[in-house]
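Trainee: Dropping the structure in here first, questions after.
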Amino acid sequence: MTSFDHQTHYEILEIRPDASAEDVERAYRMALSTYGSDSMAVYSLLGEEEVSSARERVELAYEVLSDSTARQRYDAQIGADGWEGHEAFEQRIELDDLPGDVEELMIPGEPETDPGPAPARTAQQLLTLDGVEPSEDESEGGVFDGARLRRARLLRGVEVDQIAELTKVNPTYLHFIEEERFDDLPATVYVRGFVTAYARALGLDAHDVPLSYVERLQQHRAERAGRSRR
Amino acid sequence: MIEPVRGGDPSASMSSSPAPDAARMIAVGGGKGGVGKTFVTVNLATAIAREGYDVVVVDGDLEGANTHTCLGVPPPPLSLADFVANREEELSKLVVPTGIPNLSLVAATHANLAAAQPGHFQRVRLLSRLRQLPVDLVLIDLGAGTAPAVMDYFLVGDDGLLVFCPEPTSIENAYAFLRAAFYRRMRLGMVTHSVRGLVTQAMDQRNEKGIRTPADLLREIEALDPAEGGRFTETLKCFRPRLIVNDVRTADEIKLGFSVRSVCKSYFGLDADYLGYVNHDQGVRQSVVSRRPLVDINPNCDAAVYLRRIARKLIQTLGQPGGAPEEAS
Chain A
1386 MTSFDHQTHY EILEIRPDAS AEDVERAYRM ALSTYGSDSM AVYSLLGEEE
1436 VSSARERVEL AYEVLSDSTA RQRYDAQIGA DGWEGHEAFE QRIELDDLPG
1486 DVEELMIPGE PETDPGPAPA RTAQQLLTLD GVEPSEDESE GGVFDGARLR
1536 RARLLRGVEV DQIAELTKVN PTYLHFIEEE RFDDLPATVY VRGFVTAYAR
1586 ALGLDAHDVP LSYVERLQQH RAERAGRSRR
Chain B
138 MIEPVRGGDP SASMSSSPAP DAARMIAVGG GKGGVGKTFV TVNLATAIAR
188 EGYDVVVVDG DLEGANTHTC LGVPPPPLSL ADFVANREEE LSKLVVPTGI
238 PNLSLVAATH ANLAAAQPGH FQRVRLLSRL RQLPVDLVLI DLGAGTAPAV
288 MDYFLVGDDG LLVFCPEPTS IENAYAFLRA AFYRRMRLGM VTHSVRGLVT
338 QAMDQRNEKG IRTPADLLRE IEALDPAEGG RFTETLKCFR PRLIVNDVRT
388 ADEIKLGFSV RSVCKSYFGL DADYLGYVNH DQGVRQSVVS RRPLVDINPN
438 CDAAVYLRRI ARKLIQTLGQ PGGAPEEAS
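Just so you know, the sequences run in chain order A and B. So in our numbering, spot 103 of the first sequence is number 1488, and the numbers just go up one at a time. So in our numbering, spot 209 of the second sequence is number 346, and the numbers just go up one at a time.
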């Protein structure tokens, strides 16, 4: 344990010294939400002063690491053409190698398949949390139901309202889509449009996803029509 | 107080390699009542049992027993209360089937409310007997609070799961729980009387020495006795609580697990493991009302899928079903 003052900028942001600029950005956003003024994660444990000094420390780390010139200078200063030989970093690598893959954490996928242990790194976890890497849910194709759409959204750390803003689709319909409240959804042609916009907003396949979803919708509606005819 | 590891090998408890034929013990705590400890415990136990492992769930809450209810088991004639009250010596007689293959239960029903919690000696006896049960895994469902009786189970188990909800009250109690576990664990790891005294002082948040954080404490210890400082750091490395966020509704609430993990590292110096989250699901209430585990009555709902995910991660720390448990790495 080292107090915040003694940690390197990399340790503060919980990234490896070879982290990419994107990783730095994501880690910074994550740290801001951890040490934000209304963060639940520090509630009751840290005082107001401690939180604001942690935040300052995060800002400083980001300021240096997000500027490639400053970062190079900093690396030289802490004796890291990287990190070999640096005790703190060595410990971190060891921890990073522990099993506990976040992709596995974020998406349930098929319960029958055994994911097996996979290396996890903080930055990678954040990356996955932000949904940059294609998840196993998506790469497999298969059926896209409402629950899977929601998982894909949560994986990216996106709220329904954000999708609504982006797609101009009423958030109530987006919720209905996720919950598969088929009876409350409008005509199929609209739903297809909504799901296409939803998929696009999340970077999912804008062809296969609506196709699969609408198939479920139509199936449900055909069954219902069949029942009411009888 | 249970003192399995004073000084010497700090790994002897929390991440120990149990005797080859000993059951693995995992305690589930969280500080606050109502965050879903019992719900999570029962469902993880069921999911692991369904994978072919022999599992015993132990209701560690003598003052608020309801693990049996979540499993739909009627109050058994013998319970932990009888063991604690010395009415029954043989722990294996308390183990009752649950109707779920490979899963049995030690209930905590009809406790003597005048002296519900077992004393120190009884806890030692209980924990050592639990390890001897001929099963792969013992899951202990802890009560709320941070009383010594609760903390000891958490510290002596091979693994400690910390369940909390994305609510300030739950987080507050989870940190209180972690704080209690942390200082008790650290005190167990120290050898000299003076340093142990120092840790005891630090447990009082308004201590005279002005020790406010674990980092302050480490500084004081290093100044007093560098060897103990080293032991402190070693002990820290072996204490690895695993976090489960229950009842999440938004992406931000999922991220809370990462944030708490970060704070564990920066504040306590602990490498906590974010094991997973369980999302808010209508099926949960239905499961409690029908007194059957969610993973059984509604295996395809989101919460059940996530619970099985967590169960599989725990299984990775076990050996083959029915075989000797392996050391988790």
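For glycine and all other residues, C-beta sits at the position ideal for the given N, C-alpha and C.
#1: For a cutoff of 7 Å on Cβ pairs, would you count Leu1602/A as touching chain B?
#2: Anything in chain B within Cβ reach of Glu1433/A, meaning under 7 Å, just list it in chain order.
#3: What is the rounded straight-line gap between the Cα of Ser1429/A and the Cα of Val421/B?
#4: Sort Glu1407/A, Gln1392/A and Pro1402/A by Cα distance to Gln1457/A and report the nearest one.
#5: To the nearest angstrom, how far is it from the Cα of Leu199/B to the Cα of Ala218/B?
#6: Who are the near neighbours of Thr1581/A in its chain, counting only those whose CB is closer than 7 Å to its CB and skipping five residues on each side?
#7: If we define contact as Cβ-Cβ less than 7 Å, is Pro378/B a contact residue for chain A?
#8: Do the stretch 157-170 of chain B and the stretch 266-279 of chain B meet, that is, are 3 or more Cβ pairs less than 8 Å apart?
#9: CB-CB under 7 Å to Val179/B, same chain, minus the five flanking residues each way: which ones, in chain order?
#10: Does Ala286/B have its Cβ less than 7 Å from a Cβ in chain A?
#11: Within the 7 Å Cβ cut-off, does Val1427/A reach chain B?
#12: Contact check, Ser216/B vs Ala245/B under 8 Å by CB: the rounded distance?
#13: So, with DSSP's three-state summary, where would you put Arg343/B?
#14: Going along the chain, which residues of its own chain have a beta-carbon closer than 6 Å to the beta-carbon of Arg324/B, five neighbours each way excluded?
#15: DSSP three-state label for Tyr414/B, please.
#16: Assuming Val165/B is part of the alpha helix (DSSP H), what are its boundary residues?
#17: Which term fits Phe395/B, buried or exposed, when burial requires 16 or more other beta carbons within 10 angstroms of its beta carbon?
#18: Using 8 Å as the threshold, is the stretch 310-327 of chain B in touch with the stretch 295-302 of chain B, meaning 3 or more CB pairs across them?
#19: Between Glu1608/A, Leu1570/A and Ser1597/A, which lies nearest to Phe1529/A when the distance is taken from Cα to Cα?
#20: Using a Cβ cut-off of 8 Å, which residues of the stretch 378-400 of chain B contact any Cβ in chain A, in chain order?
#21: Leaving out five residues before and five after Leu279/B in sequence, what residues of the same chain have Cβ atoms less than 7 Å from its Cβ?
#22: Beta-carbon of Glu188/B versus every beta-carbon of chain A: anything under 7 Å?
#23: Expressed to the nearest angstrom, what Euclidean distance is found between the alpha-carbon atoms of Ala311/B and Ile1400/A?
#24: Mind listing the chain A neighbours of Pro305/B? Cutoff is C-beta to C-beta under 8 Å, in chain order.
#25: Measure how close the beta-carbons of Leu240/B and Ala1426/A come, nearest whole angstrom, since I'm counting them as under 8 Å.
#26: Identify the continuous alpha helix (DSSP H) that holds Pro1556/A and give its terminal residues.
#27: Quick one: measure Cβ to Cβ for Glu1351/A and Gly1531/A, integer angstroms, because I've assumed they're closer than 8 Å.
#28: Under 7 Å, Cβ to Cβ, is there at least one residue of chain A near Asp439/B?
#29: Which stretch, first to last residue, makes up the beta strand (DSSP E) that contains Arg379/B?
#30: On the CB-based measure, 16 or more other CB atoms within 10 Å of its CB, does Lys230/B come out buried or exposed?
#31: Have a look at Phe1657/A and Pro211/B and give me their C-alpha separation to the nearest angstrom.
Mentor: Put simply:
#1: Here residue 1602/A corresponds to residue number 217 of the first sequence, with the count starting at 1. No, its Cβ sits nowhere closer than 7 Å to a Cβ of chain B.
#2: The count along the first sequence starts at 1 and reaches residue 1433/A at position 48. None at all; the shortest Cβ gap to chain B is about 14 Å.
#3: The residue labelled residue 1429/A in the question sits at position 44 within the first sequence. The residue labelled residue 421/B in the question sits at position 284 within the second sequence. The straight-line gap separating the alpha-carbon atoms of Ser1429/A and Val421/B is approximately 29 Å.
#4: Stepping through the first sequence from its first residue, residue 1457/A is reached at position 72. It is Pro1402/A whose Cα lies nearest to the Cα of Gln1457/A.
#5: The residue labelled residue 199/B in the question sits at position 62 within the second sequence. The residue labelled residue 218/B in the question sits at position 81 within the second sequence. So the two alpha carbons sit approximately 7 Å from each other.
#6: Walking along the first sequence from the start, residue 1581/A turns up at place 196. Closer than 7 Å at Cβ, skipping near neighbours: Ala1591 and Pro1595.
#7: Along the second sequence, read from residue 1 onward, the residue named residue 378/B stands at position 241. Judged by the 7 Å Cβ criterion, Pro378/B is not in contact with chain A.
#8: In short, these stretches touch, since the Cβ pair count reaches three.
#9: Residue numbering aside, residue 179/B sits at position 42 when the second sequence is read from its first letter. Contacts found: Val194, Thr204, Cys207, Leu208 and Pro430.
#10: Residue mapping note: residue 286/B aligns to position 149 of the second sequence, counting from 1. So, not an interface residue.
#11: By 1-based counting over the first sequence, the position of residue 1427/A is 42. At a cut-off of 7 Å between beta carbons, Val1427/A contacts chain B.
#12: As a first step, residue 216/B is located in the second sequence; it is residue number 79 there, counting from the start. As a first step, residue 245/B is located in the second sequence; it is residue number 108 there, counting from the start. So it is a contact: roughly 6 Å between Cβ atoms.
#13: Taking the first residue of the second sequence as position 1, residue 343/B is located at position 206. Residue state, collapsed to three classes: coil.
#14: Counting from one through the second sequence, the residue named residue 324/B turns up at place 187. These residues qualify, in order along the chain: Arg333 and Val336.
#15: Position 277 of the second sequence, counting from 1, holds the residue named residue 414/B. If DSSP states are grouped into helix, strand and coil, Tyr414/B belongs with the strands.
#16: In the second sequence, the residue the question calls residue 165/B occupies position 28. Segment Arg161 to Gly166 is the beta strand (DSSP E) holding Val165/B; no alpha helix (DSSP H) there.
#17: What you label residue 395/B is simply residue 258 of the second sequence in a count that begins at 1. Buried: at least 16 other Cβ atoms inside 10 Å.
#18: yes
#19: Here residue 1529/A is taken as the residue at index 144 of the first sequence, counted from 1. Comparing Cα positions, the closest option is Ser1597/A.
#20: Only Thr387, Ala388, Asp389, Ile391, Lys392, Leu393, Phe395, Ser396, Val397, Ser399 and Val400 from the stretch 378-400 of chain B bring a Cβ to less than 8 Å from some Cβ of chain A.
#21: Mapped onto the second sequence, residue 279/B falls at position 142. For Leu279/B, same chain residues with a beta-carbon under 7 Å away, outside a window of 5 residues either side, are Ala164, Val165, Gly166, Lys174, Gly197, Asp198, Val287, Tyr290 and Phe291 in chain order.
#22: Taking the first residue of the second sequence as position 1, residue 188/B is located at position 51. No, its Cβ sits nowhere closer than 7 Å to a Cβ of chain A.
#23: Mapped onto the second sequence, residue 311/B falls at position 174. Mapped onto the first sequence, residue 1400/A falls at position 15. Cα-Cα distance, rounded: 26 Å.
#24: Your numbering for residue 305/B matches position 168 in the second sequence. Within 8 Å Cβ-Cβ: Met1425, Tyr1428 and Ser1429.
#25: Working through the second sequence from its first residue, we reach residue 240/B at position 103. Working through the first sequence from its first residue, we reach residue 1426/A at position 41. Between Ala1426/A and Leu240/B the Cβ distance is about 34 Å, and since that is not below 8 Å, they are no contact.
#26: On the first sequence, position 171 is the one that residue 1556/A refers to. That run of the alpha helix (DSSP H) goes Pro1556 to Glu1564.
#27: The structure shown does not extend to residue 1351/A, since chain A is modelled only from 1386 to 1615, so the question has no answer here.
#28: For this step, residue 439/B is matched to residue 302 along the second sequence. For Asp439/B, the answer is yes, since a Cβ of chain A falls inside 7 Å of its Cβ.
#29: On the second sequence, position 242 is the one that residue 379/B refers to. First-last of the beta strand (DSSP E) with Arg379/B: Arg379 to Val385.
#30: For this step, residue 230/B is matched to residue 93 along the second sequence. By the neighbour-count rule (16 or more Cβ atoms within 10 Å), Lys230/B is not buried but exposed.
#31: A question about residue 1657/A goes unanswered here, because the residues of chain A that appear run from 1386 up to 1615.
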